[in-house]
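Q: These protein sequence lines map, in sequence, to chains A and B. Take the first sequence: its letter number 164 is residue 164 in the working numbering, and every next letter is one higher. Take the second sequence: its letter number 314 is residue 314 in the working numbering, and every next letter is one higher. Yeah, the Cβ is synthetic: ideal placement off N, Cα and C, and Gly gets one too. Bear in mind that the values here come from a model prediction, so they are computed numbers and not experimental data.
2 protein chains.
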Amino acid sequence: MSPDPESGVHRHPIGVAAERTGLSLDVLRVWERRYGAVAPARAAGGQRLYSDVDLERLRLLRLATLAGRGIGQVASLGSEELAELVREDETARGRNGTRQAVVGPAPAEDDIQRALEFTRALDGLALESLLRRSVAVSGVGVFLDALAEPLLRRIEEQRHAGQLTTAQERLATLTLRRLLDGAMLSLGVPNEASHLLVATPAGERRELEALLVAAAAAVEGWRVTYLGPDLSADEIAGAAVGSGAQAVCVSVSHPARRGSLMDQLRRLRATLPAHVPLLVGGVRAHRLAGELEGGGIRVIEDLARLRAALRSGGRERPAPRSPQGRAGRPQ
Amino acid sequence: MSPDPESGVHRHPIGVAAERTGLSLDVLRVWERRYGAVAPARAAGGQRLYSDVDLERLRLLRLATLAGRGIGQVASLGSEELAELVREDETARGRNGTRQAVVGPAPAEDDIQRALEFTRALDGLALESLLRRSVAVSGVGVFLDALAEPLLRRIEEQRHAGQLTTAQERLATLTLRRLLDGAMLSLGVPNEASHLLVATPAGERRELEALLVAAAAAVEGWRVTYLGPDLSADEIAGAAVGSGAQAVCVSVSHPARRGSLMDQLRRLRATLPAHVPLLVGGVRAHRLAGELEGGGIRVIEDLARLRAALRSGGRERPAPRSPQGRAGRPQ
DNA sequence: GGTACATTGACAAAGACTGGACAAGCTGCA
DNA sequence: TGCAGCTTGTCCAGTCTTTGTCAATGTACC
């Protein structure tokens, strides 16, 4: 957070700044000219060079104006005050819970920005209130695709890049988890729904992605049994049989050791009854596609595709027609 | 209630004021014009700028009018009188209303047995609906004490004795977790609630107990920031400061190495601000009691006692009078 | 030479301000 | 019961501010 003179002081031309803040070129210039909102450095030739701090500030200013404040009123605020103001607006908005005029269909980049902002400030209240409202406004399905998944990806990136502490990452992922759990809870299970088992193989500690999968399946009307991360192939197969699952989905995002993972998956496939399709999803899944596709394992690239697969596979008939084409008679 | 140097200095334009108070733009203006209900500051261009005090007053005025009073009658009242009036209206309403603090029948041994049965059968659906029903019938507080905690203990015992597979244990704990998450979600956060941070120290993988703690605190009206398991003392302390927590509770159930744990706790105590009480709970906590009690660390034996401590400690005043007796002035 | 950017001035849409009008609901009185 | 008067929320018209965008012109970089 200190203004490191070396790393991190990347300077961005105005075009990049516009892209990253969501503000137009004109607005960037006019905010500077009229209100002194930021004072970017200048190149030898006079071109503006925005620092990361500038960009952050501009993002906050934008959020403040979106909340109904005049740029002229907020442009002179200090960064601390500004961040606090934005957070206050969010919690206030969540609290009074009165009908929001704009029922914007899909949550957008904005919401992701805001969520990251609250995460950084460790403001769980504002974060939860934001996510909660998004679920309520957009519905669970859209929430998953447009907010939860991209947000999760950003958090992992930033965590990896050292821009988030463990505590911040925790706050965000656990809040997200609470929301997903709550959503799955509120999505009742239709009678006679097909039954999907979701888990991640041994060595996988990350669970949120699996939970996204589970929630997506629940949205698609499946009855989901979610067993969480780090289970051995035998445990998964045993549970699938024991609970009468009609399909199994495992999520692999950060396999500890690739070889071991492949073994696990093959073993799982071998142990599962032939008529139970096995789907593999997760950010790293596509790298394994070549090796797996042949052996009766279907690889799913992203959440949207997973939902499509589940939709076509499940629902109409008790036993999903196996998404991968060949399946024994159920029963 | 010193005038907080941070919040409260912000001035809000009329749109934000309308959103936060629930009054229309017109009403805001006309109450000012006709009755001098508030006298917001003005920007250079004449736009109204409401202070937080103004907003609070307007909220009270709104409540008073909703209770059937004429704005002309109450607009000139002082803030004190107004607040009292609203409180009176509220209690009067509560008296004749049918609000009954009916605490349903407590779930019994029966339910625990049934839950274990479903767990063994890997019937997540039945388990979930059982637990869900219990929450609905008994309320969250009773559910935690009488079902969730004992059930969790049984599951751990049986798992330990090899009577449950990993998958079965997972099914149960994750279902329980989902319920707890959902419950915390549905327990709104009261305004101005005291703020508690919950986590478990590094080396602790078990999280469910911490989640029980978090849920219990939420029932008691605290605003809870839950950071999950396996965090270093520094991370916890940093997050407590960063999020402005007024108390910290860590849960220790299966310390990997006792010595390391003690170090962590001492370090945490040393790093936390003196006025932030540190509570330690969990099944193994009482074994550490002797060694910890002295150094400004309060050990809590079980969930009921934790709730009692939280109840006496929080709520009445912004900064909870430290449950352990001695604490720096909240300032 | 083309793309990206800077500067300045002008412009138009959105929103806020003011004073006044109006309609619906309630009270009091004949 | 019916009417006058009061209260109160909403609406309107005209004016003023704020703010985003655009056009024109010039400069820097590849």
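Would you call the stretch 276 to 285 of chain B and the stretch 119 to 126 of chain B touching, i.e. three or more CB-CB distances under 8 Å?
A: no
Q: Under 9 Å, Cβ to Cβ, is there at least one residue of chain B near A:Met184?
A: Here residue 184 of chain A is taken as the residue at index 184 of the first sequence, counted from 1. With 9 Å as the cut-off, A:Met184 counts as an interface residue toward chain B.
Q: Rounded C-beta distance between B:Leu227 and B:Val198? I'm assuming under 8 Å.
A: Stepping through the second sequence from its first residue, residue 227 of chain B is reached at position 227. Stepping through the second sequence from its first residue, residue 198 of chain B is reached at position 198. That pair is a contact at about 7 Å.
Q: Would you kindly check if the distance between the Cβ of A:Glu220 and the Cβ of A:Arg307 is under 9 Å?
A: Locating residue 307 of chain A in the first sequence gives position 307, where the first residue counts as 1. Locating residue 220 of chain A in the first sequence gives position 220, where the first residue counts as 1. Yes.
Q: Mapping DSSP to helix, strand and coil, what is B:Ile300?
A: Within the second sequence, numbered from 1, the residue matching residue 300 of chain B stands at position 300. Residue state, collapsed to three classes: coil.
Q: Can you tell me the Cα-Cα spacing of B:His10 and B:Asp110, whole angstroms?
A: Numbered from its first residue, the second sequence carries residue 10 of chain B at position 10. Numbered from its first residue, the second sequence carries residue 110 of chain B at position 110. Whole-angstrom Cα-Cα distance: 55 Å.
Q: For a contact defined as C-beta to C-beta under 7 Å, what are the partners of A:Ala239 on chain B?
A: Start at 1 with the first residue of the first sequence, and residue 239 of chain A comes out as number 239. Within 7 Å Cβ-Cβ: Leu122, Ala167.
Q: Under DSSP, the beta strand (DSSP E) around B:Tyr50 begins and ends at which residues?
A: Locating residue 50 of chain B in the second sequence gives position 50, counting from the first residue. Element bounds for B:Tyr50: n/a, residue is neither H nor E.
Q: Taking CB distances under 9 Å as the criterion, tell me whether A:Gly139 reaches chain B.
A: As a position in the first sequence, residue 139 of chain A is number 139, starting the count at 1. Not an interface residue.
Q: Excluding the 5 residues preceding and the 5 following A:Pro190 in the sequence, name in chain order all residues of the same chain whose CB lies nearer than 7 Å to its CB.
A: Residue mapping note: residue 190 of chain A aligns to position 190 of the first sequence, counting from 1. Once the five neighbours on either side are set aside, the close Cβ partners of A:Pro190 are Gly221.
Q: Does B:Ala260 get closer than 9 Å to chain A when you measure Cβ to Cβ?
A: What you label residue 260 of chain B is simply residue 260 of the second sequence in a count that begins at 1. The displayed chain sequence assigns Ser, not Ala, to residue 260 of chain B. No - not a single Cβ of chain A is within 9 Å of the one on B:Ser260.
Q: Report, in whole angstroms, the separation of the C-beta atoms of B:Arg206 and B:Ser253, which I expect to be a contact under 8 Å.
A: Translated into positions along the second sequence, residue 206 of chain B becomes position 206. Translated into positions along the second sequence, residue 253 of chain B becomes position 253. 5 Å between Cβ atoms; contact.
Q: In chain order, what residues of the same chain lie with their CB nearer than 6 Å to the CB of A:Arg172, ignoring the 5 residues before and after it?
A: What you label residue 172 of chain A is simply residue 172 of the first sequence in a count that begins at 1. The identity of residue 172 of chain A in the sequence shown is Ala, whereas the question assumes Arg. The residues are Thr119, Ile155.
Q: So which of B:Val135, B:Ser79, B:Gly72 has the shortest CA-CA distance to B:Arg59?
A: As a working note, residue 59 of chain B is residue 59 in the second sequence. Looking at the Cα atoms, B:Ser79 is the closest of the given residues.
Q: Have a look at B:Arg178 and B:Val53 and give me their C-alpha separation to the nearest angstrom.
A: Working through the second sequence from its first residue, we reach residue 178 of chain B at position 178. Working through the second sequence from its first residue, we reach residue 53 of chain B at position 53. Going by the C-alpha atoms only, they are around 40 Å apart.
Q: Would you say A:Gln73 reaches chain B, if we count a Cβ-Cβ gap shorter than 9 Å as a contact?
A: Stepping through the first sequence from its first residue, residue 73 of chain A is reached at position 73. Judged by the 9 Å Cβ criterion, A:Gln73 is in contact with chain B.
Q: Looking at the unbroken beta strand (DSSP E) that takes in A:Ser251, where does it start and where does it end?
A: Indexing the first sequence from 1 puts residue 251 of chain A at position 251. Per DSSP, A:Ser251 belongs to the beta strand (DSSP E) from 247 to 251.
Q: Are A:Thr271 and A:Ala237 close, meaning C-beta to C-beta below 9 Å?
A: Along the first sequence, one-based indexing puts residue 271 of chain A at 271. Along the first sequence, one-based indexing puts residue 237 of chain A at 237. Yes; because the gap between Cβ atoms is below 9 Å, this pair is in contact.
Q: Could one say the Cβ of B:Ser243 lies closer than 9 Å to chain A's Cβ atoms, at least one of them?
A: Reading the second sequence from its first residue, position 243 is the one you call residue 243 of chain B. Output row for B:Ser243: interface = yes.
Q: Quick check: B:Arg269 and B:Ile300, are their CB atoms within less than 9 Å of each other?
A: Position 269 of the second sequence, counting from 1, holds the residue named residue 269 of chain B. Position 300 of the second sequence, counting from 1, holds the residue named residue 300 of chain B. Contact flag unset, no.
Q: With distances taken from CA atoms, which of A:Pro273, A:Ala83, A:His12 is nearest A:Ala41?
A: Indexing the first sequence from 1 puts residue 41 of chain A at position 41. The candidate whose alpha carbon is nearest that of A:Ala41 is A:His12.
Q: What did DSSP end up calling B:Pro201 once you bin it into helix, strand or coil?
A: Numbered from 1 along the second sequence, position 201 holds the residue referred to as residue 201 of chain B. Three-state result, B:Pro201: strand.
Q: Of the choices A:Val30, A:Leu61, A:Leu278, A:Leu66, whose alpha-carbon is the least far from that of A:Val74?
A: For this step, residue 74 of chain A is matched to residue 74 along the first sequence. For the residues A:Val30, A:Leu61, A:Leu278, A:Leu66, the minimum Cα distance to A:Val74 belongs to A:Leu61.
Q: Report the neighbours of B:Asp26 on chain A: residues whose CB is nearer than 9 Å to its CB, in chain order.
A: Working through the second sequence from its first residue, we reach residue 26 of chain B at position 26. Residues of chain A with a Cβ closer than 9 Å to the Cβ of B:Asp26 do not exist; the shortest Cβ-Cβ separation is about 16 Å.
Q: Using the DSSP secondary-structure output, state which residues sit across from B:Ala41 in a beta bridge.
A: Locating residue 41 of chain B in the second sequence gives position 41, counting from the first residue. In DSSP, B:Ala41 forms a bridge with B:Leu49.
Q: Return helix, strand or coil for B:Leu179, following the three-state DSSP convention.
A: Position 179 of the second sequence, counted from the start, is the residue given in the question as residue 179 of chain B. Helix.
Q: Please name the residue or residues paired with B:His195 in a DSSP beta bridge.
A: If you number the second sequence from 1, residue 195 of chain B lands on position 195. For B:His195, which the question treats as bridged, DSSP gives the partners B:Arg223.
Q: Whose C-alpha, out of A:Ala233, A:His275, A:Ser243, A:Val248, is nearest the C-alpha of A:Leu265?
A: As a position in the first sequence, residue 265 of chain A is number 265, starting the count at 1. For A:Leu265, the nearest C-alpha among the options comes from A:Ala233.
Q: Could you have a look at B:Val16 and say whether DSSP puts it in helix, strand or coil?
A: In the second sequence, counting from the first residue as 1, residue 16 of chain B sits at position 16. B:Val16: helix per DSSP, three-state reduction.
Q: Ignore the nearest five residues each way along the sequence and tell me which others in A:Leu231's own chain have a CB closer than 6 Å to its CB.
A: Locating residue 231 of chain A in the first sequence gives position 231, counting from the first residue. Once the five neighbours on either side are set aside, the close Cβ partners of A:Leu231 are Ala199.
Q: If you draw a straight line from the C-alpha of A:Pro105 to the C-alpha of B:Gln113, how long is it?
A: The residue labelled residue 105 of chain A in the question sits at position 105 within the first sequence. The residue labelled residue 113 of chain B in the question sits at position 113 within the second sequence. Any answer about A:Pro105 is weak, because its pLDDT of 46 lies below 50 and its placement is not dependable; what the coordinates show is given next. The straight-line gap from Cα to Cα measures roughly 45 Å.
Q: Looking only at its own chain, which residues have a Cβ that is under 6 Å from the Cβ of A:Ala67, when we skip the five neighbours before and after it?
A: As a working note, residue 67 of chain A is residue 67 in the first sequence. Correct list, in chain order: Asp89.
Q: Under three-state DSSP, which class holds A:Leu231?
A: Counted from its first residue, the first sequence places residue 231 of chain A at position 231. In the structure shown, A:Leu231 sits in a strand (DSSP, three-state: E or B).
Q: How big is the Cα-Cα spacing for B:Leu85 and B:Arg69?
A: On the second sequence, residue 85 of chain B is found 85 positions in, with the first residue counted as 1. On the second sequence, residue 69 of chain B is found 69 positions in, with the first residue counted as 1. Answer to the nearest angstrom: the Cα atoms are 10 Å apart.
Q: Quick one: what does DSSP say B:Leu278 is sitting in, helix, strand or coil?
A: The count along the second sequence starts at 1 and reaches residue 278 of chain B at position 278. Correct three-state label for B:Leu278: strand.
Q: Quick one: what does DSSP say A:Gln163 is sitting in, helix, strand or coil?
A: Locating residue 163 of chain A in the first sequence gives position 163, counting from the first residue. If DSSP states are grouped into helix, strand and coil, A:Gln163 belongs with coil.
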